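Undergrad: Residue numbers (the working numbering), protein chains in the order written: chain A, 14 to 131; chain B, 14 to 131.
Cβ coordinates follow ideal geometry from the N, Cα and C atoms, glycine included.
Since this is a predicted model, take the numbers as computed values, not measurements.
Questions regarding the structure given below will be posed in turn.
There are 2 protein chains.
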Amino acid sequence: MHEVYSMQPKVNLWIEKDGQVVLSVWRVQLLEAVAETGSISAAAVKMNIPYRRAWDKIHECEERLGVKLVETHVGGTDGGGSRLTRTAADYIRRFRQFASGIEGKVNQQFQECFTLAE
Amino acid sequence: MHEVYSMQPKVNLWIEKDGQVVLSVWRVQLLEAVAETGSISAAAVKMNIPYRRAWDKIHECEERLGVKLVETHVGGTDGGGSRLTRTAADYIRRFRQFASGIEGKVNQQFQECFTLAE
Numbered sequence: 014m015h016e017v018y019s020m021q022p023k024v025n026l027w028i029e030k031d032g033q034v035v036l037s038v039w040r041v042q043l044l045e046a047v048a049e050t051g052s053i054s055a056a057a058v059k060m061n062i063p064y065r066r067a068w069d070k071i072h073e074c075e076e077r078l079g080v081k082l083v084e085t086h087v088g089g090t091d092g093g094g095s096r097l098t099r100t101a102a103d104y105i106r107r108f109r110q111f112a113s114g115i116e117g118k119v120n121q122q123f124q125e126c127f128t129l130a131e
Numbered sequence: 014m015h016e017v018y019s020m021q022p023k024v025n026l027w028i029e030k031d032g033q034v035v036l037s038v039w040r041v042q043l044l045e046a047v048a049e050t051g052s053i054s055a056a057a058v059k060m061n062i063p064y065r066r067a068w069d070k071i072h073e074c075e076e077r078l079g080v081k082l083v084e085t086h087v088g089g090t091d092g093g094g095s096r097l098t099r100t101a102a103d104y105i106r107r108f109r110q111f112a113s114g115i116e117g118k119v120n121q122q123f124q125e126c127f128t129l130a131e
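In structure tokens form, the structure reads like this:
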């Protein structure tokens with residue numbers, strides 16, 4: 014199986030609740046973008062999606078999980094903005110830990126299954 | 014994190030070569046359907062896709078991998094049909110082994126990351 018050297022294993026991970034997506038690599042990136050930029054609109058720009066879609070996805074996650082993920086404050090010296098709740102930060106940390114464990118395993122398992130002659 | 018009891022981790026796995034999909038859970042199911050039914054047309058029915066799409070996907074995999082996956086014979090007492098090459102059977106076996114290792118790990122890693130309080 015010499016073709017294996019140009020082959021690459023790929024994985025997509027997500028978490029469902031009652032059959033609906035609540036967390037995924039993409040959704041976690043969106044939440045991280047809110048944390049980094051301090052607003053949903055700047056996060057949307059960073060993720061290259063319309064503001065409305067970013068807002069919808071965040072609120073969809075909140076509704077499905079039954080928890081608040083993003084807190085928005087209006088006005089103040091910084092003109093307002095959004096930040097993650099501690100619950101959101103906790104979910105992100107757990108999801109990242111989950112995903113990185115799997116990603117490492119994917120490469121190892123691929124090597125074991127595709128490169129060893131039998 | 015009591016919500017975790019109704020949450021379920023999900024994974025999708027595939028293998029790319031030069032940035033193009035060569036094997037995936039779905040593609041492997043399609044090849045297995047050819048093996049089980051003895052023809053591409055019956056495999057297409059089983060997979061609930063048009064014959065043309067089944068044919069295209071199989072030939073796409075063959076082209077991208079640079080190997081023959083399905084052999085078709087015409088006529089004979091059974092009226093002709095298709096079967097997998099030994100190479101295809103070998104790829105399927107390796108992919109299934111790869112995927113089942115990951116799927117087990119996904120559940121275990123999810124439990125570790127989402128159920129343990131910290």
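So, using beta-carbon positions, are residue 83/A and residue 47/A closer together than 8 angstroms?
TA: Contact: yes.
Undergrad: Can you give, in chain order, each stretch of the beta strand (DSSP E) that sits fully within the stretch 56–95 of chain A and has at least 3 residues?
TA: Within the stretch 56–95 of chain A, the complete beta strand (DSSP E) runs of at least 3 residues are 83–87.
Undergrad: Starting from residue 116/A, find everything on chain B with Cβ-Cβ shorter than 8 angstroms and list it in chain order.
TA: The contacting residues do not exist; residue 116/A stays about 10 angstroms from chain B at best.
Undergrad: When DSSP builds the beta bridges, which residues end up paired with residue 121/A?
TA: Its beta-bridge partners do not exist; DSSP assigns none.
Undergrad: Is it right to say residue 104/A is buried, meaning 16 or more other beta carbons lie within 10 angstroms of its own, or is it exposed?
TA: Buried, by the Cβ-count rule.
Undergrad: Could you work out which residue in 114/B, 107/B, 122/B, 116/B is closest to residue 128/A when comparing CA atoms only?
TA: Residue 128/A has its Cα closest to that of 107/B, out of 114/B, 107/B, 122/B, 116/B.
Undergrad: Which of helix, strand or coil does DSSP assign to residue 52/A?
TA: Coil, per DSSP.
Undergrad: Residue range of the beta strand (DSSP E) that residue 37/B falls in?
TA: Its beta strand (DSSP E) spans residues 33–37.
Undergrad: With a cut-off of 8 angstroms, do at least 3 Cβ pairs link the stretch 67–83 of chain A to the stretch 42–59 of chain A?
TA: These segments touch.
Undergrad: Is the stretch 91–101 of chain A touching the stretch 107–119 of chain B, taking contact as three or more C-beta pairs under 8 angstroms?
TA: The answer is no - the stretch 107–119 of chain B does not touch the stretch 91–101 of chain A, with fewer than three Cβ pairs under 8 angstroms.
Undergrad: Could you check the C-alpha separation between residue 121/A and residue 18/A for me, to the nearest Å?
TA: Rounded to the nearest angstrom, the two C-alpha atoms are 14 angstroms apart.
Undergrad: Considering only the beta carbon of each residue, do residue 116/A and residue 24/A sit closer than 8 angstroms?
TA: Yes, Cβ-Cβ distance for residue 116/A and residue 24/A is below 8 angstroms.
Undergrad: Which residues in chain A sit within 8 angstroms of residue 30/B, going by Cβ to Cβ distance?
TA: Going along chain A in sequence order, the residues near residue 30/B (Cβ under 8 angstroms) are 16, 19, 20, 21.
Undergrad: So, is residue 27/A buried or exposed, given that buried needs 16 or more other C-beta atoms within 10 angstroms?
TA: Looking at its Cβ environment, which holds 16 or more other Cβ atoms inside 10 Å, residue 27/A is buried.
Undergrad: In angstroms, rounded to a whole number, what distance separates the CA positions of residue 76/B and residue 21/B?
TA: One C-alpha to the other measures close to 36 angstroms.
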